[in-house]
Structure formats: C-alpha cells, structure tokens
Amino acid sequence: MAKRIRYLDRNQEPTLKPKERIKTFKEYQLGFSPNLALDEADRCLFCKDAHKRCIKGCPINIDIPSFIRKIKEGDILGAYEVITQTNPFPSICGRVCPQDKQCEGSCILYYDTVRDKKNKGLPVAIGSLERFVGDVVRLLGIEVLPKVKEKNGKRVALVGSGPSSLACAYELLLRGYETHIYEALPFAGGVMAYGIPSPRLSKEIIEWEVERLKKMGAKFFFGVLVGRSVSFKELLEKYDALFLGVGAGRGKLGFKGDHLKGVYSAIEVLQRVNSFGKGIDLGKRVCIVGGGFTAVDCAIVCLRLGLETHIVYRRTKEFSSARAVEWEHLQEDGAIMHFLTQPVEILGENGRVKALKCIKMELKGRDESGRPKPVPVENSEHLIECDSVIFAIGQEANPLVFEELDLERNKWGLIKVNERFQTSIPKVFAGGDAIRGGGTVAKSISDGRKAGKFIDEFLKNG
Ligand SMILES: Cc1cc2nc3c(=O)[nH]c(=O)nc-3n(C[C@H](O)[C@H](O)[C@H](O)COP(=O)(O)OP(=O)(O)OC[C@H]3O[C@@H](n4cnc5c(N)ncnc54)[C@H](O)[C@@H]3O)c2cc1C
Ligand code: SF4
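The numbering of the sequence shown is the working numbering, which starts it at 274 and goes up by one.
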C-alpha cells in the first residue's frame, strides 16, 4: 500500500465537469461524502495551539479541532453543536469563505511548510468539512434549535437581512429579545442571496437558515425600504435599539465612457440575474473589470449565459479576495484572464460599448495596504473588443441611512462605530459591510454576533 503523505494528500470535493457545469445554474461543487469527510478529518493534527493557528485565522473563531474530532468519532450532530456555538451558518461559510485566506491559510500543514515554497503542504479542508456537517444536518431534516431565553420584553429592529443582521438576530433571540428584521428586497440573505450566484451557493440553504431563525422567533418584514417605506426615526421611537446591517450595496462606476449603453455595475447584473432570471442585454462578449469575489461571481454568471467572458484585473490572482480554487474553475470553464491589466477608457460606437482600452501593469513596491503596487508599463496600450463592460471594483456606502440619521462616518465614508459596534447615536449599532466596506461573510457574521452581545449589555446596563 502506498505510504500516506499527510502534507499533500488533501481530499477534494467532487465537482461537476466544466462541460456540464457551464450549462447549469446548479451548484457545481458537490460536497464530501461521509467517507471523504472521515478521511479528511483524519489528516488533522489536532494542534494544541490551534487558537494561534486555524481558530485565529477564522473570523468567527470556531473551535475547529474539536468539531473535526467529532467528525472523526462519527458524531456529526456533536460536530454541528460545536460549530454553531460560534457560527450559526456552517453550510453557508463552508461554501463561500475564502478559507485559503482565513482558517486554512493558518493550518500547520500549510503554514509550517510555507517558507519552503517548493514543498508547500496542503491544509486540512476545513471549509469542506464544515459544509459536510451543515449539509448532513440539513439534508437529514434534523431540527437542532438552540435554547432561547424567556422573552425579556425588549424589542430590537434590524435593518437589512445580510449575514451581519442574521447573526445579530440569532444572538438577540438567544438572549430573549423580540427581533424584527426589515429588508428592502422580497427575500432574506443580502449579498449571499442576490449577489453570490446559485452555482456557488444554492438559495435553498439560505432559505433553510432563515426558516430556522423564524422558528427561534425572528420576524421578517420584506419589501420595506427603511428611509422610504418607513423612516429610521420611526423605528428608533418604536424599538429599544436598532442594528444597521445595510451593507455597502451601491456599485462603483466613475470611468471615462461609463455613460455608454452596455456598461453595468456588478451588483446590478448579479441582482438582475440572480433574483429575476436573465433579463439583461450584455451582447456576446463581456469585459469584467476587477479581481475580487464580485468579479469571479460575474464571470460565473456570464459564462453560464454563454458569453465570451474576459476578466481584466490590474493585479494577479494571488492578490484577489476570491478563493484560489474559483480562479482554477474559471480557467477550466473558458474565461479569458487579463491579469496586470488596467482599463483606462471604454470606447463606443453609436452610443454602445465597442471595446475596452487598457494598459499593461507591473507590480513594484507596496501600496498603503501593504500589497504590491501596480504601476503602468510604458507604450502598452491595447484594446479588448467587447459589447458590454461590468464594473466589479467595489461598493460604496448606502446613502439612505445618512439622509435621515445624523451618523458620524469613518475614513471610508461608511458608518463609524466604536469597539462595541455602537454608532454616534447610542441606541444605534452597526456591522458588516456598512462599517467596513468590502468584507467577508464570516467577518459580517462575527460583527453581527458581537454587536448582538453589546446591544444586550447596553440594554441591561445602559
Ligand atoms: C458579488 C459578491 C460576492 C461575494 N462573495 C463572497 C464570498 O464568496 N465569500 C465571502 O466571504 N464574502 C463574499 N462577499 C462579501 C460578503 O457577501 C459581504 O461582506 C457580506 O454579505 C456583507 O454582509 P452585510 O450583512 O453587511 O450586508 P449585505 O449582505 O450587503 O446585506 C445588506 C442588506 O440590507 C438591505 N438593505 C440595505 N439598505 C436597506 C434599507 N434602507 N432598508 C431595508 N433593507 C436595506 C439590502 O437589500 C441587503 O439585503 C461577496 C460580495 C459581493 C458583492
Ligand atoms: S467560518 Fe469560514 S473561516 Fe471560519 S472555519 Fe468556517 S470556513 Fe473557515
């Protein structure tokens, strides 16, 4: 029998073949079977100092070795209980977290060999194991509801139903609060539902988690745009505290030629395709500008709509917020990558996009964030012919909340909070992308849960 090389023999989730997956909006990563999960759990070294490694790398600080040990013992329900002590939504995070930059990026199997680049080890597939645990419980229809305290007579309103609000609601429900969630869209989940396309995260999973919250006592009010349908001030009068989980959902444009027909923000495209079917005229060739989660998700959608799909990014994929495996999938699916390429202008004909003018870049020195700085290469101007351009270069603050509430802003123009997630108005708290701009699902969950605890302290102690 071949000797097992623990560093390198990481199990992969079975995946639909490129030819099949490109035709469907169904999930294409299929999750671990019980055998694969047991085998992968066996790779964990159960490090004594995991709190300095994978647990620290996870924004929600899940007790990773303990839940993996439970899988190893065949106690999947036990593993679910360990995970949900900190993360209420394992099936979601297991699918969408950029694990290579969070938990798995700090796994000793990876970390201890990372200095010797030629022999980089492969971390334990923590995300796939977490997904496995969440999926087993969901697919077997096991109802595991946490114990909630008796109602304490206090009410909290949450604006938005993205991961930060859902996690904050979970925390408040555990502590006996009446919890009302106001959402502008007709469904819950925020970006997870309207942004991340179903090939990466099936809508059923979000619906299942929302049903769980409802069973715990959460009330949802859909189609209510706070600031228009009802005012923020009315909510402030009616409730003991307010949590703003409004995200940063306004896509950035601001580019020479962005008035042309065929120019869209990523959020506009994803929202229209994910929520309402196709219904958007992108022509036959599309250029997606950007290199993070949002760009990757736009490419997934465009490839499935049968378009020639170009991704134009001024850095390399190593500096992207998206998972490495997703770049690999896009390459297999036929996306055309233009790394180290900066668009400078959109060219048009008869009012419609015709091409994207770009220059080549090289990485030199470091920028403010510590990442290598892209600088233009002389005489490198070139055109990429296309019928549409999608901007996936980040989101801006949602302006509505500032129209009515006199909230202080932070240096990015977003809602300013203190270390207790409290805004400049004492009974108003905020978290997620509304305070940090581009975050991750796990960071938003972490914000929401912490904010829930601080709201509880505030309402108890003032
Ligand atoms: C396309 C895309 C793909 C991404 N992919 C990933 C990924 O794979 N992994 C990952 O970890 N992170 C990913 N992210 C980042 C992650 O989704 C966000 O960090 C996270 O969703 C932020 O959560 P949130 O609760 O702050 O707000 P959001 O998810 O933005 O939700 C805010 C909600 O508030 C509602 N709302 C706003 N204003 C009002 C109002 N006035 N009244 C009522 N409702 C209101 C909105 O309709 C929305 O539903 C992605 C982001 C984008 C844009
Ligand atoms: S929540 Fe995300 S970062 Fe944390 S352990 Fe799970 S997959 Fe890793």
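Glycine included, each C-beta is placed from N, C-alpha and C at the ideal position.
Please go through the region 595-672 and give each complete beta strand (DSSP E) segment of 3 or more residues, from N-terminal end onward.
Qualifying beta strand (DSSP E) stretches, in chain order: 609-611, 614-622, 625-639, 645-649, 655-658 and 661-664.
Would the beta-carbon of L732 fall within 8 Å of that of K420?
Here residue 732 is taken as the residue at index 459 of the sequence shown, counted from 1. Here residue 420 is taken as the residue at index 147 of the sequence shown, counted from 1. No, these two residues do not count as a Cβ contact at 8 Å.
Closer than 8 Å is the cut-off here; do at least three beta carbon pairs connect the region 594-610 with the region 560-575?
Because the criterion of three Cβ pairs below 8 Å is met, the region 594-610 and the region 560-575 touch.
Check each candidate in N334, G579 and R411 and name the one with the smallest Cα separation from I349.
Within the sequence shown, numbered from 1, the residue matching residue 349 stands at position 76. The residue with the shortest Cα to Cα distance from I349 is R411.
Three Cβ pairs or more, each shorter than 8 Å: is that satisfied between the region 600-619 and the region 485-505?
Not touching, per the Cβ criterion.
Here's the rule I'm using: 16 or more other beta-carbon atoms within 10 Å means buried, otherwise exposed. How should K391 be labelled?
Against the sequence shown, residue 391 aligns to sequence position 118. Only weak support exists for where K391 lies, its pLDDT of 47 falling under 50; the value from the coordinates is given anyway. By the neighbour-count rule (16 or more Cβ atoms within 10 Å), K391 is not buried but exposed.
Can you determine whether any heavy atom of ligand 1 sits closer than 7 Å to the C-beta of C380, and answer yes or no?
Mapped onto the sequence shown, residue 380 falls at position 107. Remark: the C-beta of C380 is outside contact range of ligand 1, defined as less than 7 Å to any heavy atom.
Under 7 Å from any heavy atom of ligand 2, does the C-beta of P332 make it?
Taking the sequence shown and counting its residues from 1, one reaches residue 332 at position 59. Because some heavy atom of ligand 2 lies under 7 Å away, the Cβ of P332 counts as near it: yes.
Just to confirm the assignment: which complete alpha helix (DSSP H) runs, minimum length 4, are found wholly within the region 394-425?
DSSP runs (the alpha helix (DSSP H)) wholly in the region 394-425: 399-412.
Own chain, CB closer than 6 Å to S642, minus 5 neighbours either side, in chain order
As a working mapping, residue 642 is identified with position 369 in the sequence shown. Answer for S642: no residue qualifies.
Expressed to the nearest angstrom, what Euclidean distance is found between the alpha-carbon atoms of E313 and E681?
Position 40 of the sequence shown, counted from the start, is the residue given in the question as residue 313. Position 408 of the sequence shown, counted from the start, is the residue given in the question as residue 681. Between the alpha carbons of E313 and E681 lies a distance of about 47 Å.
Report the start-end ranges of each beta strand (DSSP E) in the region 434-480 that is 3 residues or longer and not cut off at the edges.
Within the region 434-480, the runs of beta strand (DSSP E) at least 3 residues long that lie entirely inside it are, in chain order, 451-456.
Provide the residue(s) that pair with I560 in DSSP beta bridges, ordered along the chain.
As a working mapping, residue 560 is identified with position 287 in the sequence shown. Per the sequence shown, the amino acid found at residue 560 is Cys instead of Ile. According to DSSP, which records beta bridges pairwise, C560 is partnered with H583 and V662.
Between the region 466-481 and the region 491-499, can you find at least three pairs of beta-carbon atoms closer than 8 Å?
Verdict: no, contact absent.
Indicate whether K689 and S697 have their beta-carbon atoms separated by less than 8 Å.
Start at 1 with the first residue of the sequence shown, and residue 689 comes out as number 416. Start at 1 with the first residue of the sequence shown, and residue 697 comes out as number 424. In this structure, S697 lies closer than 8 Å to K689 by Cβ.
Label T614 either buried or exposed according to how many other C-beta atoms from any shown protein chain fall within 10 Å of its C-beta, with 16 as the threshold for buried.
Here residue 614 refers to the residue found at position 341 of the sequence shown. With a 10 Å radius around the Cβ and a threshold of 16 neighbouring Cβ atoms, T614 comes out buried.
Top-ranked residue by Cα proximity to S475, from D531, R639 and R404
Residue 475 sits at position 202 when you count from the first residue of the sequence shown. Ranking D531, R639 and R404 by Cα distance to S475 puts R404 first.
For ligand 2, is there a heavy atom less than 7 Å away from the beta-carbon of E403?
Against the sequence shown, residue 403 aligns to sequence position 130. Indeed, a heavy atom of ligand 2 lies less than 7 Å from the Cβ.
Hey, would you say I663 sits closer than 8 Å to V559, going by beta carbons?
On the sequence shown, residue 663 is found 390 positions in, with the first residue counted as 1. On the sequence shown, residue 559 is found 286 positions in, with the first residue counted as 1. Result yes, Cβ atoms of I663 and V559 sit closer than 8 Å.
Taking only three categories from DSSP, how would you classify K492?
Within the sequence shown, numbered from 1, the residue matching residue 492 stands at position 219. Looking at K492 - three-state DSSP - the assignment turns out to be strand.
Within the present structure, is the beta-carbon of C317 separated from the nearest heavy atom of ligand 2 by less than 7 Å?
Taking the sequence shown and counting its residues from 1, one reaches residue 317 at position 44. Outside the cutoff, so no.
Are there 16 or more other CB atoms within 10 angstroms of the CB of H602, so buried, or fewer, so exposed?
On the sequence shown, position 329 is the one that residue 602 refers to. The residue in question, H602, is buried, as its Cβ has 16 or more Cβ neighbours within 10 Å.
Excluding the 5 residues preceding and the 5 following G686 in the sequence, name in chain order all residues of the same chain whose CB lies nearer than 7 Å to its CB.
The residue labelled residue 686 in the question sits at position 413 within the sequence shown. Once the five neighbours on either side are set aside, the close Cβ partners of G686 are A670.
Could you please give me the residues that DSSP links to I688 through a beta bridge?
The count along the sequence shown starts at 1 and reaches residue 688 at position 415. DSSP links I688 through a beta bridge to R682.
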